[in-house]
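Asks: Sharing a structure with you now.
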Amino acid sequence: DISVSNAKVLMSSTISSLDKDDQELNINELAGDIDLPLGQEYSLRIRPLIGSSSFAWSQPLDFVVVDDDLLTGFQKWTTVDFPEAGGFLADSDGDGASEGLEYALGTHPLLAYDIPVTSVNRDTAGRVSIQIPLDHLKAGIDYDAEWSSDLVSWASDGVEVTYSDGVLSALAPASPPGGLNFLRWRVLVIPTN
């Protein structure tokens, strides 16, 4: 029997080996038949083992057990798929596209080379349009676009945004005589009550 008094932290540890090709670790599989309590905090530390040599343990990576069925949209995407990603306006991979834009347009928030690629066209009336392939519209996102004639002031007045046959499109109002219009994507989180 073990008894503990006045303890601030009591922990048990489990050591599991991963194959060199493993990219993910499923904590639920490590727990076996035990249901991990929601809200419980755990720490994960890793260390490389090369041949018979063990190297230093990493700093702890703390995580909390959540019910991902209660999460939706961007929150679920960052919690379940990309916990290393930042908030909606962050740009963790430094590619110039925020995490919110990467979620909305289906790219990877941690790979700088995976950026939203938009095609740009001008119709016979001089209207600029942009299109991007998109398998589906993401939950909790309002898709919009903004136009500008000077790259300083931006407006969404007169911009038409449509989604059809796997393509998200935006069409700017007509360009002023002798001027150009510029067009960019704008995505917002739809507030929930």
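Mind the numbering: the sequence shown is residues 14 to 206 in the numbering used here, read in order. The C-beta atom is built at its ideal place from N, Cα and C for all residues, glycine as well. All values derive from a computational prediction rather than experimental measurement.
Use the C-beta contact count for residue 28: other C-beta atoms within 10 angstroms, 16 or more gives buried, fewer gives exposed.
Replies: If you number the sequence shown from 1, residue 28 lands on position 15. So residue 28 counts as exposed.
Asks: Decide if the segment 161-178 is in contact with the segment 111-131; the criterion is three or more beta carbon pairs, one per stretch, under 8 Å apart.
Replies: no
Asks: To which residues of the same chain is residue 111 closer than 7 Å at the C-beta, ignoring the five residues directly before and after it?
Replies: As a working mapping, residue 111 is identified with position 98 in the sequence shown. Excluding sequence neighbours, residue 111 sits near 101, 102, 103 and 104.
Asks: Applying the 10 Å Cβ sphere with the 16-neighbour rule, what's the burial state of residue 68?
Replies: For this step, residue 68 is matched to residue 55 along the sequence shown. When all chains shown are included, residue 68 counts as exposed.
Asks: Alpha carbon to alpha carbon, how far is residue 149 from residue 94? Give it in angstroms, no decimals.
Replies: Here residue 94 refers to the residue found at position 81 when the sequence shown is read from its first residue. Here residue 149 refers to the residue found at position 136 when the sequence shown is read from its first residue. Cα to Cα, the separation comes out at about 17 Å.
Asks: Using alpha carbons as the reference points, say which of 152, 202, 188 and 135 lies closest to residue 182.
Replies: Along the sequence shown, read from residue 1 onward, the residue named residue 182 stands at position 169. If we check each option's Cα against that of residue 182, 135 comes out closest.
Asks: At which residues does the alpha helix (DSSP H) containing residue 41 begin and terminate?
Replies: Numbered from 1 along the sequence shown, position 28 holds the residue referred to as residue 41. First-last of the alpha helix (DSSP H) with residue 41: 40-44.
Asks: Does the beta-carbon distance from residue 99 to residue 77 come in below 9 Å?
Replies: The count along the sequence shown starts at 1 and reaches residue 99 at position 86. The count along the sequence shown starts at 1 and reaches residue 77 at position 64. For residue 99 and residue 77, no; Cβs fall outside 9 Å.
Asks: Using a 10 Å radius around the Cβ and a threshold of 16 neighbouring Cβ atoms, would you call residue 198 buried or exposed?
Replies: Your numbering for residue 198 matches position 185 in the sequence shown. Answer is buried; the Cβ neighbour count reaches 16.
Asks: Residues in its own chain within less than 8 Å of residue 41 by CB, not counting five upstream and five downstream?
Replies: What you label residue 41 is simply residue 28 of the sequence shown in a count that begins at 1. For residue 41, where only same-chain residues beyond five positions count, the Cβ hits under 8 Å are 49.
Asks: At which residues does the alpha helix (DSSP H) containing residue 176 begin and terminate?
Replies: Within the sequence shown, residue 176 is the residue found at index 163, counting from 1. Premise fails: residue 176 lies in the beta strand (DSSP E), 173-177, not in any alpha helix (DSSP H).
Asks: Closest to residue 252 by CA distance: which of 96, 119, 92 and 127 is it?
Replies: Any property of residue 252 remains undetermined from this structure, which presents the chain solely from 14 to 206.
Asks: What does residue 146 pair with, by DSSP beta-bridge criteria?
Replies: Against the sequence shown, residue 146 aligns to sequence position 133. Residue 146 is bridged to 180.
Asks: Beta-carbon separation of residue 145 and residue 180 under 9 Å?
Replies: Taking the first residue of the sequence shown as position 1, residue 145 is located at position 132. Taking the first residue of the sequence shown as position 1, residue 180 is located at position 167. Going by C-beta atoms, residue 145 is nearer than 9 Å to residue 180.
Asks: Can you tell me whether residue 117 is helix, strand or coil according to DSSP?
Replies: Here residue 117 is taken as the residue at index 104 of the sequence shown, counted from 1. It is helical.
Asks: What's the call for residue 133, buried or exposed, on a 16-neighbour Cβ count within 10 Å?
Replies: Start at 1 with the first residue of the sequence shown, and residue 133 comes out as number 120. Residue 133 is exposed by the Cβ-count criterion.
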